[in-house]
Amino acid sequence: MKFGEFCLPGEGHGVWLPLKTKRCIGYNMNDRVKGDPLTSRVIPQQGRAMRRRVQILSVAEKLLEELEFSEVTTRKIAEAADIPIGSVYRYFPNKFSIMAAIAADTIETVDKDLTELLGSFEDLSDWERTIDKTIDIVTNAYMSRKGYVNILRAMSHTPELQNLTATYKERMVKSLTQNFIMYDIFPAGLKASSVAETVIVIYNAMEIKVFLCSDETLRKALIKEWKLLVKCYLRCYFSES
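Using the UniProt record's numbering, you'd call the opening residue of the sequence shown number 1 and step up by one each time.
So this is what it looks like as structure tokens:
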């Protein structure tokens, strides 16, 4: 029984669960919805344009490390990057689309580390240790990027970002449900979707507590409980697979 990729990126963060093969059902973080205010205007293909987009995102993330979310504006991003504000608007319709792109790029960076880790696992029986390691990778990576954490903090009181997280959550639940069915963990039906919904709720609740916790001792304790909570819930299901 092969042990596959954990490939369910979610609400500005990664959610990872063991599968039987390296094929998985997920959603593309680069999917763009026409008319979505969080969608980039242009996805550059040429080198110079790609570098400009990276520059904008890099400067915006640095500003998020220095300022409150509400203080970061498109104009400040343009000034800090030393480029015309029109160049920023060429790629992004507003600051919220920039923040969404930072979140997506952050997730993709962590995805690479997780994929590399998971390549060393062959047996589903090792899924509990893998849950521990993947949560460690996610928490360490995201906590090292203060700008991303500030985006997460703003989600709870920013309507534009709430729409983003709602979309991601819906896709996560759908993807996880499909994986449960495809890999014979559950048959199609209410059980598969309800377990998927519960798993996503656990991850979302615990990650917010962990990422926004300023007490390092408490944060470590929360991470320990996060791992225990996920494993205890899934153990009865995965032990039968």
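Don't be surprised by glycine CBs; every beta carbon is placed ideally from N, CA and C.
Nothing here was measured: the structure is a model prediction, and the numbers come from that model.
The region 127-134 and the region 220-236 touch, with three or more beta-carbon pairs separated by less than 8 Å. With a contact defined as Cβ atoms closer than 8 Å, T109 and K95 miss out at about 21 Å. Shown here, E68 sits in coil according to DSSP, grouped into three states, outside any helix or strand.
Judged by DSSP in its simplified three-state form, N94 adopts coil rather than helix or strand. Assigned with DSSP and collapsed to three states, S194 falls in helix. Leaving aside the five residues that flank V230 on each side, the residues in its chain whose CB is nearer than 7 Å to its CB run, in chain order, I131 and I202. Look at Q46 here: in three-state DSSP terms it is coil, with no helix or strand label. Counting along the chain, no alpha helix (DSSP H) covers A188, and no H or E run does either. The beta carbon of W226 sits closer than 7 Å to the beta carbons of I135, M206 and V210 from its chain, once the five residues preceding and following it are set aside; these are given in chain order. In the displayed model, S214 falls within coil according to three-state DSSP, outside both helix and strand.
Annotated as proximal: D113 and I137, with beta-carbon spacing under 9 Å.
For T73, there is no enclosing alpha helix (DSSP H), as DSSP marks it with neither H nor E. Taking 9 Å as the cut-off, the beta carbon of R53 is found no closer than this to the beta carbon of I83. Boundaries of the alpha helix (DSSP H) harbouring R129: W127 to M143, taken from the DSSP string. With at least 16 other beta carbons inside 10 angstroms of its own, E61 counts as buried.
Taking 9 Å as the cut-off, the Cβ atoms of L218 and R153 do not count as close.
Considering only D184, K191 and S156, the residue with the shortest C-alpha distance to V173 is K191. In the three-state DSSP reduction, S175 falls in the helix class (H, G or I).
Inter-residue distance for P187 and L176 is about 13 Å (C-alpha atoms, whole angstroms).
It is roughly 21 Å from the alpha-carbon of I56 to the alpha-carbon of A141. Take N150, set aside five residues on each side of it, and the residues of its chain with a beta-carbon closer than 6 Å to its own are L64 and F69, in chain order.
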